[in-house]
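Chemist:
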Amino acid sequence: MQKPDCFQQIILLLQKFWSEKGCVVLQPYDLEVGAGTFHPATTLRSLGPDHWSAAYVQPCRRPSDGRYGDSPNRLQHYYQFQVVMKPSPIMFKEMYLESLKVLGIDNKVHDIRFVEDDWESPTLGAWGLGWEVWCDGMEISQFTYFQQVGGHDCKPVTGEITYGLERLAMFILECESVMNLPYNSPNSQRPIKYSDIFLKAEKQYSEWNFNVANTEIIFRHFDDAEKICQEILGMGDLEEKSSSKKNILVQPAYDQCIKASHLFNVLDSRGVISTAQRQVYIGRVRALAKLCADAYIDEVSLRV
Amino acid sequence: MNDFILELISEEIPAKMQAHAMRQLEVLTLKKVNENGLIFVGMVPFVTPTRLGIILENISIEVKESIKEIRGPRLGAPANAINGFLKKNKIQRTDLQEKKTTKGSFYVYTLKINTQPLSTILSRIFTEIIQEFNWPKSMYWGDNYSLKWVRPLRSITAVLFENEKRERVPLHVRDIESDIVTRAHHVMHPEFFDFKSINDYQEKIANGKVILQPQDRKKIIVQEGKKLAEARGYYLIEDDKLLEEIVGLTEFPVPLLGKIPEELLSIPEEVIISSMREHQKFLSLRSSTNGKVEGFLVVTDLKTHDQQKTILSGNMRVLNSRLKDAIFFYQNDLDLVKHHGMMAWNDKLKSVKFHEKLGSQYNRVERIVKISAILAGQFELERDEVSKAATLIKADLVSNVVAEFPSLQGIMGAHYAKAEGFKKVVADAIRDHYLPVGSNDVVPKHPLSIVLSISDKIDYLTSLWKIGIRPTGNKDPFALRRAALAIIRIILENKLDIDLDYLIDLAEDNFDKPSLQRFLKERIVYYLTEKNYQKKVVQAVVEHYKLDFLPILPDMIAQINAFISSNSGVRVLAVYKRVSNFLSSNQEVLGAEKEFSKETATEEDKLVQKQLMLTKEQVEGSLKRKDFKTALIELNSMVDSVNQFLDNVQINCEDNALRILRYSFLNQIRETMDRVVVFSELDKK
Chain A
4 MQKPDCFQQI ILLLQKFWSE KGCVVLQPYD LEVGAGTFHP ATTLRSLGPD
54 HWSAAYVQPC RRPSDGRYGD SPNRLQHYYQ FQVVMKPSPI MFKEMYLESL
104 KVLGIDNKVH DIRFVEDDWE SPTLGAWGLG WEVWCDGMEI SQFTYFQQVG
154 GHDCKPVTGE ITYGLERLAM FILECESVMN LPYNSPNSQR PIKYSDIFLK
204 AEKQYSEWNF NVANTEIIFR HFDDAEKICQ EILGMGDLEE KSSSKKNILV
254 QPAYDQCIKA SHLFNVLDSR GVISTAQRQV YIGRVRALAK LCADAYIDEV
304 SLRV
Chain B
6 MNDFILELIS EEIPAKMQAH AMRQLEVLTL KKVNENGLIF VGMVPFVTPT
56 RLGIILENIS IEVKESIKEI RGPRLGAPAN AINGFLKKNK IQRTDLQEKK
106 TTKGSFYVYT LKINTQPLST ILSRIFTEII QEFNWPKSMY WGDNYSLKWV
156 RPLRSITAVL FENEKRERVP LHVRDIESDI VTRAHHVMHP EFFDFKSIND
206 YQEKIANGKV ILQPQDRKKI IVQEGKKLAE ARGYYLIEDD KLLEEIVGLT
256 EFPVPLLGKI PEELLSIPEE VIISSMREHQ KFLSLRSSTN GKVEGFLVVT
306 DLKTHDQQKT ILSGNMRVLN SRLKDAIFFY QNDLDLVKHH GMMAWNDKLK
356 SVKFHEKLGS QYNRVERIVK ISAILAGQFE LERDEVSKAA TLIKADLVSN
406 VVAEFPSLQG IMGAHYAKAE GFKKVVADAI RDHYLPVGSN DVVPKHPLSI
456 VLSISDKIDY LTSLWKIGIR PTGNKDPFAL RRAALAIIRI ILENKLDIDL
506 DYLIDLAEDN FDKPSLQRFL KERIVYYLTE KNYQKKVVQA VVEHYKLDFL
556 PILPDMIAQI NAFISSNSGV RVLAVYKRVS NFLSSNQEVL GAEKEFSKET
606 ATEEDKLVQK QLMLTKEQVE GSLKRKDFKT ALIELNSMVD SVNQFLDNVQ
656 INCEDNALRI LRYSFLNQIR ETMDRVVVFS ELDKK
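Below is the structure:
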């Protein structure tokens, strides 16, 4: 078993592996999201009766996790590798263990443990049961069987695996700090490290997220995103409602929900949202997610 | 000899649900087995992260065949009655017999009930158990919604051994058919195997590196862990809760010992222990020579060809980065404390919500400061010093370390207070004001800690009570019962002369105080009954006295117990009963409020009245001084006069006025006695 020697090879191996297991290999969603779950390929596709299997890399933004690139393992921008299979296959867990083998993690040498960790996303109104996967004490993945999204029961159930790519790479490549990860092969002509690509951006975004972002404008953007989302779905006060029953614009509406969620995260990391307000904002995003989920279900049922 | 085994193999069951699941399987099996007329000699439930099962040893059907006689119509009954009977029982005319009884002759039909085969009964029982099983949280998976389980159920093994014969017990749930094979450790021995007997199963599963019983896994961890620790000059810090969790994460626990790198030991040990415990589920080890936390045990679920070296080094790497994080947090906190003082955190408490209707933690601290400053005098403490300490008790809630490890609240506050140069008593009080945490925890002992702890809890209790929060049934989300009990324990176990009523008034006004007082009384009764005081005595005393008697309640109860078993106690109780009997049989007299003249009163009447007035006055005086013991003696001094009075006069005399007078004496006598303790309550069975 040849161990991968760099970050990008880990991604390539995972894509190849899950492609062979029947997943369509998608590309990242083109909006800022807090987790791979936000990708419509997971949230929306987990609703309704259609079967679906996909794998993709998703860059994630967690503004309040920024550490100016100084922390060995915390970043405000990082990558997740997301796998969703619906209905969840019987051998899903075994497939996952097999994927670790492909990455050079042999469970005869490494202690792989499934530790209870039920997943809940208050902003998506979603929850599922599953585990954190520990490898020699390091959390490398999240494994979840979706039960509800946007307040709707998931039938069939979607099985979701989220690999924390940087963590996983640090483990496989025995790297103490994320910035030292080899991005491409150290044997290539021009070896590139993680820091070469991301260190500056981490510093800039940390500063932006904590100290600079114009909160007055962002508050407004949040309100706007909420308003557009509601209007698209015919809930707003727009005169001519764009949602005729035949053409429900679910995904454009959902984009606005994603935007609102990210804007909220920026405001939160700027420290301008009080504890009391927090719940209110989370509730507003959840309401949008619920609207989108309702609309998606409507749209699916209209299709017949 | 029939033995049965059931194994339900699933994906990993959460550690904290396993013990309960095992008990539930045991209880359900016992119930169903009894209901279905089966008997057995032994029952062994077991659970591991991926299997839940039960073994029934020497199981058999109690009664193999039963006979039931069904009576039909009388001989000579009309044909349609007989036909109806035949039809109803689905039998032929030839199945009928004639039988003479005392009531005449009837057709009867003898029904033989053949019991189903054991395998069929077991199949039915365990199908039902699986369907009825109740997990705290359960789920669907895939696209079959006929069963909810804690995590996907993957296979079922159900085998019955009947005298050397092996039989699959057919179970069918969801899309799973039961099988006769199983597997042991999923990594070390993943191959499936079958088995010839229960013994064979147990042997193969053990060889296959699965230890079925949680308590056996626990024993291994403790024994091997201790051995490892001792060999390296460490000893294990007990942590039963963590141990239980580890037991639920392993089928074959293998403890490994690691040494914490020297350079990571620069933070308080509580932080190291919490980080290792909460992030990595490591058990902490202390050095036998200096008592410091310097090592850890990590329990793996695997033996590897490299003697677990890779696993240990992986865990060490994680520990390294976790502790570096912790050091970073701690240093940040220390820097702030040294430059700005802990007071800088207090401002931040303004944005930490305590409760929607009660404002922030900052507001709460303000209230606690106010209460503690007033209490300071009672404990001969400097008011300013108390206020200062009280101001800082919640500061650490916004520190980096407590944000990461909430369980270290108070403990970190103490460290930071010391770092800022506060006296040890202040630091200790910041730490100890949370005490007692559980009912087995110690209460604070130092006066400053006591003042802060009581102030904190009385504010907590009264402010939440004021906004209408109440414990109901077994729901007490704000742990008000715990807070109340903590106050009661601090007062009683430190023998403090503190008036709970006064404390409540200090904390809050304009709210439903009577209900809070009742709640506190319930808690006092609960606490004292737990302490093995007789419940009826406790209830009688607690109900009867105001909360300011709390500090002397245990003494009072002891005195009553001594009193009622003493000679004088028996006499007093007897008189009380005598008086009560009169009063309860003639209640209408009491209601009458007619004018009466004292002229007809006899010497006896005057005597008893004089004694009554005297005793009444004495008792009131003693109770005012909270001298309960004397009050009891004073009651005793009234006994002779009352007895004489009852012996020598006719209570129910002809003279209306006199009769009313005498009843009024009796009523006052009882009232006076009830002032000390409600004797009728003591008499309740």
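Listed in order, the protein sequences are those of chains A and B.
Every number in this note's numbering is 3 more than the matching position in the first sequence, counting from 1.
Every number in this note's numbering is 5 more than the matching position in the second sequence, counting from 1.
Beta carbons are placed, not taken as given, at the ideal position from N, Cα and C, and that holds for glycine.
(1) Helix, strand or coil, according to DSSP, for A:Gly39 in the structure here?
(2) Let me know the secondary structure DSSP gives B:His360 once reduced to three states.
(3) Roughly how many angstroms lie between the CA atoms of A:Ser304 and A:Leu236, to the nearest whole one?
(4) Which runs of the alpha helix (DSSP H) fall wholly inside the stretch 96-168 of chain A and span at least 4 residues, in chain order?
(5) Of the residues B:Leu241, B:Ala395, B:Gly230 and B:Asn672, which one's Cα is nearest the Cα of B:Pro258?
(6) Roughly how many whole angstroms lie between the Cα atoms of A:Glu243 and A:Ile251?
(7) Using alpha carbons as the reference points, say which of A:Arg64, A:Asn190 and A:Asp8 lies closest to A:Glu205.
(8) For A:Gln61, report the span of its beta strand (DSSP E) as first-last.
(9) Taking the alpha carbon of B:Asp693 as the reference point, which residue from B:Asp481, B:Ile463, B:Phe483 and B:Asn515 has its own alpha carbon closest?
(10) Between which two residues does the alpha helix (DSSP H) holding B:Ile265 run?
(11) Pull out every residue of the stretch 625-636 of chain B whose Cβ sits closer than 8 Å to any Cβ of chain A, in chain order.
(12) Determine which residues share a DSSP beta bridge with B:Thr477 and list them.
(13) Quick one: is A:Ile143 near chain B, going by C-beta distance under 8 Å?
(14) For the alpha helix (DSSP H) containing A:Tyr32, list its first residue and its last residue.
(15) The alpha helix (DSSP H) spanning B:Gln228 covers which residue range?
(16) Bridge partners for B:Glu172 per DSSP, in chain order?
(17) Chain B beta carbons: is any one of them nearer than 8 Å to that of A:Ile285?
(18) Could you tell me whether the Cβ of A:Ser209 comes closer than 8 Å to any Cβ of chain B?
(19) Verify the CB distance criterion: does B:Glu256 have a CB-CB separation below 8 Å to chain A?
(20) Specify, as a first and last residue, the run of the alpha helix (DSSP H) that B:Asp340 falls within.
(21) If you measure from the beta carbon of A:Ser91 to each beta carbon in chain B, is any gap under 8 Å?
(22) If you draw a straight line from the alpha carbon of B:Tyr335 to that of B:Met347, how long is it in whole angstroms?
(23) Here's a check: name, in chain order, each residue in its chain whose Cβ is nearer than 6 Å to the Cβ of A:Phe84, leaving out the five neighbours to either side.
(24) Is B:Ser128 helix, strand or coil when you go by DSSP?
(25) Compare the beta carbon distance of B:Asp148 and B:Leu61 with 8 Å and say whether it is the shorter of the two.
(26) With 16 as the cutoff for other CB atoms within 10 Å, does B:Asp703 come out buried or exposed?
(27) Should A:Ser246 go down as buried or exposed, given a rule of 16 or more other Cβ atoms within 10 Å for buried?
(28) Rounded to a whole number of angstroms, what is the C-alpha to C-alpha distance between B:Gly418 and B:Tyr439?
(29) Are the beta-carbon atoms of B:Ser444 and B:Leu490 separated by less than 8 Å?
(30) Once you ignore the five residues that flank B:Ala218 on each side, which residues in its own chain have a CB closer than 7 Å to its CB?
(31) I'd like to know whether the C-beta of B:Pro476 is nearer than 8 Å to at least one C-beta of chain A.
(32) Give a yes or no on whether the minimum CB-CB distance between A:Val118 and chain B is below 8 Å.
(33) Compare the beta carbon distance of B:Leu307 and B:Met193 with 8 Å and say whether it is the shorter of the two.
(34) I'd like to confirm the pairing. Which residues does DSSP put opposite A:Arg287 in its beta bridges?
(35) Given a threshold of 16 other Cβ atoms within 10 Å of its Cβ, counted over all protein chains shown, does A:Met88 qualify as buried or as exposed?
(36) Output the distance between the C-alpha atoms of B:Ile210 and B:Thr187, rounded to the nearest integer angstrom.
Modeler: Quick look at the numbers:
(1) The count along the first sequence starts at 1 and reaches residue 39 of chain A at position 36. Correct three-state label for A:Gly39: helix.
(2) Taking the second sequence and counting its residues from 1, one reaches residue 360 of chain B at position 355. Strand, per DSSP.
(3) Taking the first residue of the first sequence as position 1, residue 304 of chain A is located at position 301. Taking the first residue of the first sequence as position 1, residue 236 of chain A is located at position 233. The alpha-carbon atoms of A:Ser304 and A:Leu236 are separated by roughly 16 Å.
(4) none
(5) The residue you call residue 258 of chain B lines up with position 253 of the second sequence. Of B:Leu241, B:Ala395, B:Gly230 and B:Asn672, the residue nearest in Cα terms is B:Gly230.
(6) Within the first sequence, residue 243 of chain A is the residue found at index 240, counting from 1. Within the first sequence, residue 251 of chain A is the residue found at index 248, counting from 1. Legend: pLDDT at A:Glu243 = 48, less than 50; position of this residue unreliable, no value from coordinates given.
(7) Here residue 205 of chain A refers to the residue found at position 202 when the first sequence is read from its first residue. Ranking A:Arg64, A:Asn190 and A:Asp8 by Cα distance to A:Glu205 puts A:Arg64 first.
(8) Position 58 of the first sequence, counted from the start, is the residue given in the question as residue 61 of chain A. A:Gln61 -> beta strand (DSSP E) spans Trp55 to Arg64.
(9) It is not possible to answer for residue 693 of chain B, since the shown part of chain B is limited to 6 through 690.
(10) Taking the first residue of the second sequence as position 1, residue 265 of chain B is located at position 260. First-last for B:Ile265: undefined, no H or E at that position.
(11) none
(12) Position 472 of the second sequence holds residue 477 of chain B. B:Lys480.
(13) Here residue 143 of chain A corresponds to residue number 140 of the first sequence, with the count starting at 1. Closer than 8 Å: no.
(14) On the first sequence, position 29 is the one that residue 32 of chain A refers to. Taken as a continuous stretch (DSSP letters only), A:Tyr32 belongs to no alpha helix (DSSP H), as it is neither H nor E.
(15) Counting from one through the second sequence, the residue named residue 228 of chain B turns up at place 223. It spans Pro219 to Ala236 - the alpha helix (DSSP H) in which B:Gln228 sits, taken as one unbroken run.
(16) Residue 172 of chain B sits at position 167 when you count from the first residue of the second sequence. According to DSSP, B:Glu172 bridges with B:Leu165.
(17) To locate residue 285 of chain A, count along the first sequence from 1; it is residue 282. It does not; no Cβ of chain B falls within 8 Å.
(18) Locating residue 209 of chain A in the first sequence gives position 206, counting from the first residue. With 8 Å as the cut-off, A:Ser209 does not count as an interface residue toward chain B.
(19) Taking the second sequence and counting its residues from 1, the one referred to as residue 256 of chain B is at position 251. Cβ-Cβ to chain A under 8 Å: no for B:Glu256.
(20) Walking along the second sequence from the start, residue 340 of chain B turns up at place 335. Element bounds for B:Asp340: Lys314 to His345.
(21) Taking the first sequence and counting its residues from 1, one reaches residue 91 of chain A at position 88. With 8 Å as the cut-off, A:Ser91 counts as an interface residue toward chain B.
(22) The residue given as residue 335 of chain B occupies position 330 in the second sequence. The residue given as residue 347 of chain B occupies position 342 in the second sequence. Whole-angstrom Cα-Cα distance: 14 Å.
(23) Stepping through the first sequence from its first residue, residue 84 of chain A is reached at position 81. Leu17, Val60, Tyr166 and Leu168, listed in sequence order.
(24) As a first step, residue 128 of chain B must be located in the second sequence, where it is residue number 123. Correct three-state label for B:Ser128: helix.
(25) Numbered from 1 along the second sequence, position 143 holds the residue referred to as residue 148 of chain B. Numbered from 1 along the second sequence, position 56 holds the residue referred to as residue 61 of chain B. The answer is no: Cβ separation not under 8 Å.
(26) This structure does not reach residue 703 of chain B, given that chain B is present from 6 up to 690, and the question cannot be answered.
(27) By one-based count along the first sequence, residue 246 of chain A stands at place 243. Its pLDDT being 45, under 50, A:Ser246 is placed unreliably by the model, and the measurement read from it follows with that caveat. Buried is the call here.
(28) Taking the first residue of the second sequence as position 1, residue 418 of chain B is located at position 413. Taking the first residue of the second sequence as position 1, residue 439 of chain B is located at position 434. So the alpha carbons of these two residues sit roughly 11 Å apart.
(29) As a first step, residue 444 of chain B is located in the second sequence; it is residue number 439 there, counting from the start. As a first step, residue 490 of chain B is located in the second sequence; it is residue number 485 there, counting from the start. Going by C-beta atoms, B:Ser444 is nearer than 8 Å to B:Leu490.
(30) Position 213 of the second sequence, counting from 1, holds the residue named residue 218 of chain B. The question names Ala, yet the displayed sequence has Gln at residue 218 of chain B. Phe51, listed in sequence order.
(31) Within the second sequence, the letter at position 471 stands for residue 476 of chain B. No - not a single Cβ of chain A is within 8 Å of the one on B:Pro476.
(32) Counting from one through the first sequence, the residue named residue 118 of chain A turns up at place 115. By this cut-off, A:Val118 is an interface position.
(33) Counting from 1 along the second sequence, the entry for residue 307 of chain B is found at position 302. Counting from 1 along the second sequence, the entry for residue 193 of chain B is found at position 188. Yes, the Cβ-Cβ distance between B:Leu307 and B:Met193 is below 8 Å.
(34) Here residue 287 of chain A corresponds to residue number 284 of the first sequence, with the count starting at 1. BP columns for A:Arg287 are empty, so no partner.
(35) In the first sequence, residue 88 of chain A corresponds to position 85, counting from 1. It counts as buried.
(36) Counted from its first residue, the second sequence places residue 210 of chain B at position 205. Counted from its first residue, the second sequence places residue 187 of chain B at position 182. Cα-Cα distance, rounded: 9 Å.
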